[in-house]
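Down below is the structure, laid out as structure tokens.
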Amino acid sequence: MSKTTHHADDLIRLFNETFEESHNTVLIGGGAEPEYRPADELHPRHRIIFTRDYFASALHEVAHWCIAGAHRRKLVDYGYWYEPDGRGPERQAEFERVEARPQAIEWAFSIACGSPFRVSLDNLDGPQTASEAFQARVREARTTMEAVGFPPRAKTFIRVLRDWYQGS
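Going by numbering that gives the first Met the number 0, the first residue of the sequence shown is number 0, and it counts up by one from there.
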């Protein structure tokens, strides 16, 4: 029997049971904005913080973590820039270039959970629907990873999600 409800608390528990000890990383909800914080003198664990209690935000932030290499996981927000709403066309194009893989992994997580997925432009001041080209890049990235393999942490979390949401 599969689970039909999707609660961020389930993702927190599943992620932390899977990665807290092995990768010294925890998933935390309740953030005003999503953020990755490496361990420091006050916090012994790396923290993936997702927006409020948003299920999709949690999946998306975990997808970014699954791609980040060891060096990037030592940096706040993996050392990447983030420009909030109001990005111009050039910055939006750059956003779309770097977001295809994380969104493809988020999509695979959503499939494993049986939860809805929508390609996101993350730019409320811009167009509200993803361009066909960006949607195609995300779809192509997911298809490629399905064929050649997801990054190891993503593969592990897909299995954990599938077992929880689709298992008996």
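Built from N, CA and C at the ideal position, the CB exists for glycine as well.
As assigned by DSSP and simplified to three states, the class of residue i
{"i": "phenylalanine 18", "result": "helix"}
{"i": "leucine 13", "result": "helix"}
{"i": "tyrosine 79", "result": "coil"}
{"i": "arginine 51", "result": "coil"}
{"i": "tyrosine 160", "result": "Going by the sequence as given, residue 160 is leucine instead of tyrosine. Helix."}
{"i": "threonine 4", "result": "coil"}
{"i": "glutamate 60", "result": "helix"}
Beta carbon of residue i nearer than 9 angstroms to that of residue j
{"i": "arginine 152", "j": "phenylalanine 18", "result": "yes"}
{"i": "alanine 111", "j": "tyrosine 164", "result": "yes"}
{"i": "aspartate 8", "j": "glutamate 34", "result": "no"}
Residue closest to residue i, alpha-carbon to alpha-carbon, out of the options
{"i": "serine 119", "options": "Trp106, Gly113, Ala111", "result": "Trp106"}
{"i": "lysine 173", "options": "Ile27, His22, Ala31, Val159", "result": "Within the shown structure, residues of the chain are numbered from 0 to 167, placing residue 173 beyond reach of any answer."}
Beta-carbon proximity list for residue i, same chain, < 6 angstroms, skipping 5 on both sides
{"i": "phenylalanine 133", "result": "Glu95"}
{"i": "valine 137", "result": "Ala99, Gln102, Ala103, Val118"}
Beta-carbon proximity list for residue i, same chain, < 7 angstroms, skipping 5 on both sides
{"i": "arginine 141", "result": "Ala103, Trp106, Ala107"}
{"i": "glycine 28", "result": "Ala7, Ile11, Phe49, Arg51, Asp52, Ala57"}
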